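Since the structure comes first, as structure tokens, the remarks are kept for the end.
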Amino acid sequence: MKIGISFPTLELHDPEEVKEFAQGAEQLGFHHMTALEHTLGVRTSASYTPDVHIHEPMVLFAFLAGVTRTIQFANSILILPQRQTVVVARQAAEIDALSGGRLRLGIGLGSNEEEAIGLGTDFHTRGARVEEQIEVMRLLWTQDVVNFEGRWHRIIDGGLTVLPVQRPIPIWIGGGHGRRPLERIGRLADGWVAGSSAQGDAEGQLETIRNASVAAGRPRDAVQVQGRMPLVGGGAEEWALTAERWRELDATHLAVNTSRGGFTTAAEHLTLAERFMDEVGKDLAN
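Residue numbers for the sequence shown follow the numbering used here, beginning at 19 and rising by one.
Structure (structure tokens):
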């Protein structure tokens, strides 16, 4: 498995701390760094209110691309239906170009209607919209000039002024609660951002994804899998067991999380990350 780490966006605010964490994670041998997003904090959210601090992930990745050399970047996730498609395609292409091909665009539908309203988008059509967005972005990343006519997009002889290194940039889709979202992942995604739990019905969800891939004429294993594992409160034995559970699910990637441990500095987060890598992570990556 490729072992990554979640950027502690709720806890690291100072630019020097942000840089120290990214460079430290790279030095520890992490393959990739993930970042969550909510553009608009709303009071109805259980966790992501206006009071919390969340870095804008595309700007964050652009900043970190300039201070790192090898670590890859993966949204976990970007709420795509709330954003203008061509702008996202352009931002992703620029990050990929400037980083030397180190971006994986992880997307999701979003679950808070008030946030969607605040961003001027229709919450109830987000599933259909995201499918068209994926099609448009892949065209923009692989063609110099695009012509497209859809329900939400019309492009006439238009193209991005910077193309990415990866053509197309890999698109991973998060979530998947329910058959329709899981089948969408199987039909369209390069990877599944599976979330933090390695228990529950992950096997059944993955089977739905695999079957949808085959039905769409894709290889059964077309969709890679990324798991997520919290480190705070655990130890080597628990970490190894959870990681093995993800391995049994054919996970290709695993992102560990050092948040919610009361840490306020990059050094504290990196100390826990280093302990994980020394005790478990390096063996998983081999």
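In this text, a Cβ means the ideal position worked out from N, Cα and C, and glycines have one as well. Since the model is a prediction, treat every value here as computed from it, not as a measurement.
Item to check | Proximal residues to Phe-281 (C-beta, below 8 Å), its chain only, five neighbours per side dropped | outcome: Annotation for Phe-281: Pro-26, Glu-29, His-287 and Leu-290 place their beta carbon closer than 8 Å to its own, counting only its chain and skipping 5 residues before and after.
Checklist entry - Comparing alpha-carbon positions, which option in Ser-277, Ala-261, Leu-96 and Asp-268 lies nearest Gly-299? => result Taking only the C-alpha atoms, the option nearest Gly-299 is Ala-261.
Checklist entry - Between Ala-230 and Leu-200, is the Cβ-Cβ spacing less than 9 Å? => result Yes. Within cutoff.
Item to check | Proximal residues to Asp-268 (C-beta, below 7 Å), its chain only, five neighbours per side dropped | outcome: Taken in chain order, the residues that qualify are Val-243.
Checklist entry - Taking C-beta to C-beta, are Glu-55 and Glu-34 nearer than 9 Å? => result Cβ atoms of Glu-55 and Glu-34: not closer than 9 Å.
Next on the checklist: Using the Cβ count rule (16 or more neighbours within 10 Å means buried), how would you classify Ile-174?
Outcome noted: Residue environment for Ile-174: exposed (fewer than 16 other C-beta atoms within 10 angstroms of its C-beta).
Checklist entry - Across which residues does DSSP place Glu-44 in a beta bridge pair? => result For Glu-44, which the question treats as bridged, DSSP gives no partner whatsoever.
Item to check | Buried or exposed by the 16-neighbour rule on C-beta atoms within 10 Å, applied to His-49 | outcome: The residue in question, His-49, is buried, as its Cβ has 16 or more Cβ neighbours within 10 Å.
Checklist entry - Shortest alpha-carbon distance to Ser-63 belongs to which of Leu-259, Ala-134, Ser-117 and Gln-161? => result For the residues Leu-259, Ala-134, Ser-117 and Gln-161, the minimum Cα distance to Ser-63 belongs to Ala-134.
Item to check | Beta bridge counterpart(s) of Phe-166 as assigned by DSSP | outcome: Partner(s): Ile-173.
Item to check | As assigned by DSSP and simplified to three states, the class of Ala-258 | outcome: Per DSSP, reduced to three states, the secondary structure at Ala-258 is helical.
Next on the checklist: In this structure, how does DSSP classify Gln-244 when only helix, strand and coil are distinguished?
Outcome noted: Strand.
Next on the checklist: Does the contact criterion of 3 or more C-beta pairs under 8 Å hold for the region 111-126 versus the region 168-187?
Outcome noted: Flag = yes, the region 111-126 and the region 168-187 touch.
Checklist entry - Pairing CB atoms from the region 95-102 with CB atoms from the region 159-168, are three or more of them under 8 Å? => result As far as the Cβ criterion goes, the region 95-102 does not touch the region 159-168, which means the pair count is below three.
Checklist entry - Tell me the DSSP bridge mates of Ala-53? => result Secondary-structure assignment with DSSP links Ala-53 through a beta bridge to Asn-93.
Checklist entry - What does DSSP give as the partner residues of Gly-124 in its beta bridges? => result Residue pairing by DSSP places Gly-124 opposite Trp-190 in a beta bridge.
Checklist entry - Could you give the distance in angstroms between the alpha-carbon of Gln-223 and the alpha-carbon of Pro-68? => result The alpha-carbon atoms of Gln-223 and Pro-68 are separated by roughly 33 Å.
Item to check | Anticipated Cβ contact below 8 Å, Ile-125 with Val-148, distance rounded | outcome: Taking C-beta atoms under 8 Å as the contact rule, Ile-125 and Val-148 qualify, at a distance of about 7 Å.
Checklist entry - Helix, strand or coil: how does DSSP classify Ile-203 here? => result Correct three-state label for Ile-203: helix.
Item to check | Boundaries (first-last residue) of the alpha helix (DSSP H) holding Ala-146 | outcome: Here the alpha helix (DSSP H) through Ala-146 covers 144-160.
Next on the checklist: Using only CA atoms, which one of Ile-189, Arg-144, Glu-38 and Phe-81 lies nearest to Gly-128?
Outcome noted: Closest in alpha carbon position to Gly-128, among Ile-189, Arg-144, Glu-38 and Phe-81, is Arg-144.
Next on the checklist: Residues in the same chain with beta-carbon distance under 6 Å from Leu-178, minus the five sequence neighbours each way, listed in chain order, please.
Outcome noted: Cβ-Cβ distances below 6 Å link Leu-178 to Arg-108, Ala-111 and Leu-158 in the same chain, with the five nearest sequence neighbours on each side left out; the list follows chain order.
Checklist entry - Excluding the five sequence neighbours on either side, which residues of its own chain have a C-beta within less than 6 Å of the C-beta of Phe-79, listed in chain order? => result Within its own chain, the residues whose Cβ lies closer than 6 Å to the Cβ of Phe-79, once the five positions on either side in sequence are excluded, are Phe-91 and Ile-113, listed in chain order.
Checklist entry - When the Cα atoms are used, what is the spatial distance from Glu-221 to Ile-227? => result Using only the alpha carbons, I get a separation of about 10 Å.
Item to check | Among Glu-131, Gln-151, Gly-47 and Leu-46, nearest to Leu-58 - alpha-carbon criterion | outcome: Measuring from the Cα of Leu-58, the nearest candidate turns out to be Glu-131.
Next on the checklist: Does the distance between the C-beta of Gln-161 and the nearest non-hydrogen atom of the ligand SAM fall short of 8 Å?
Outcome noted: For the structure depicted, the ligand SAM is absent and the ligand set is empty, with no information on it obtainable.
Item to check | For Gln-151, the nearest candidate out of Gly-136, Leu-123 and Asp-162 (CA to CA) | outcome: The shortest C-alpha to C-alpha distance from Gln-151 to any of Gly-136, Leu-123 and Asp-162 is the one to Leu-123.
Item to check | Residue closest to Leu-96, alpha-carbon to alpha-carbon, out of Ala-53, Gly-84 and Val-105 | outcome: Per the C-alpha coordinates, the member of Ala-53, Gly-84 and Val-105 positioned closest to Leu-96 is Ala-53.
Checklist entry - In its own chain, which residues sit with a C-beta less than 7 Å from the C-beta of Thr-86, not counting the 5 before and 5 after it? => result Take Thr-86, set aside five residues on each side of it, and the residues of its chain with a beta-carbon closer than 7 Å to its own are Ala-40, Gln-41 and Glu-44, in chain order.
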